[in-house]
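Have a look at the structure below before the remarks.
Numbering (the working numbering), first residue to last: -12 to 202.
Dropping the structure here:
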């Protein structure tokens, strides 16, 4: 059984350590819930999963820009720090939605080009999927229970029976631009859903704050 590891005391300690800046405090909660996810092996089978936060940050000119903090490659969720969630400019990520196709190489190049910190790790291969789900906090896990469901031959019927419209099914697509497009389109067909189930892949959940997304 998956345990909810959230505690208000830990949340307060993380925010207090981040200081008074409200942006730093919301990022601290993103770090906290990322660690909670990574701490539970039933949520991150084979080390998989990634998390994100839509926020604002100051660019090199001191201007506030919309950004996506997204898990960077090479970071383990269980021990992630704020620098493991590099900020990527949102506007270029959103403009990519208008393209018909995009190679993995071009996608990675655009994401790296739009890092606020050019020395930061590569953003996750699922960066665009996180960007195109219009919720502040987004969590992607390879939870054991959802993987069992996602790999059933009768996954569509089973998902409908168990969750109804609360969970939207996304047919299998290799991670990258095509999967991000398919997931965004699935979300838009059922924007009131609580999550996405990616066939043969995993689960996405979201919320307006860190606790709601984690719960």
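Glycine included, every Cβ here is placed at the ideal spot set by N, Cα and C. Quantities reported herein were computed from a predicted structural model and do not represent experimental measurements.
Non-local C-beta neighbours of residue 133 in its own chain, meaning closer than 7 Å and more than five positions away in sequence, comprise 184, 189 and 190, ordered along the chain. In the structure shown, residue 67 adopts coil according to DSSP, grouped into three states. Per DSSP, the beta bridge partners of residue 41 are 55. Annotation for residue 140: no residue places its beta carbon closer than 7 Å to its own, counting only its chain and skipping 5 residues before and after. Counting along the chain, residue 190 sits inside the beta strand (DSSP E) bounded by residues 189 to 194. Taking the Cα of residue 97 as reference, the smallest distance to any Cα among 66, 79 and 54 is reached at 79.
Distance from residue 64 to residue 14 at the Cβ level is roughly 15 Å; contact not present, criterion being Cβ atoms closer than 8 Å.
For residue 76, the uninterrupted beta strand (DSSP E) segment begins and ends at 74 to 76. Taking the Cα of residue 27 as reference, the smallest distance to any Cα among 12, 199, 48 and -8 is reached at -8.
The residue among 159, 128 and 164 with its C-alpha nearest the C-alpha of residue 58 is 128. Boundaries of the alpha helix (DSSP H) around residue 97: 91 to 100.
Cβ atoms of residue 16 and residue 42 stay farther apart than 8 Å, at about 11 Å. The Cβ-Cβ distance between residue 53 and residue 77 falls below 8 Å. Judged by their CB atoms, residue 144 and residue 136 are not nearer to each other than the 8 Å cut-off.
Distance from the CA atom of residue 86 to the CA atom of residue -3, rounded to whole angstroms, is 42 Å.
DSSP, reduced to helix, strand and coil, places residue 108 outside both helices and strands of the structure shown, so it counts as coil. For a cut-off of 8 Å, the C-beta gap from residue 186 to residue 159 is around 4 Å, short enough to register as a contact.
Scanning the segment 123 to 185 from its first residue to its last, the whole alpha helix (DSSP H) runs of 4-plus residues come out as 131 to 137, 142 to 150 and 164 to 176. For the pair residue 169 and residue 157, the Cα-to-Cα distance works out to about 7 Å. At a Cβ-Cβ threshold of 8 Å, residue 31 and residue 55 do not count as neighbours. Nearest neighbour of residue 192 by Cα position, chosen from 7, 5, 37 and 1, turns out to be 37. In this structure, residue 149 lies away from residue 182, with their beta-carbon atoms at least 8 Å apart.
Looking from the CA of residue 114, the closest CA among -10, 166 and 104 belongs to 166.
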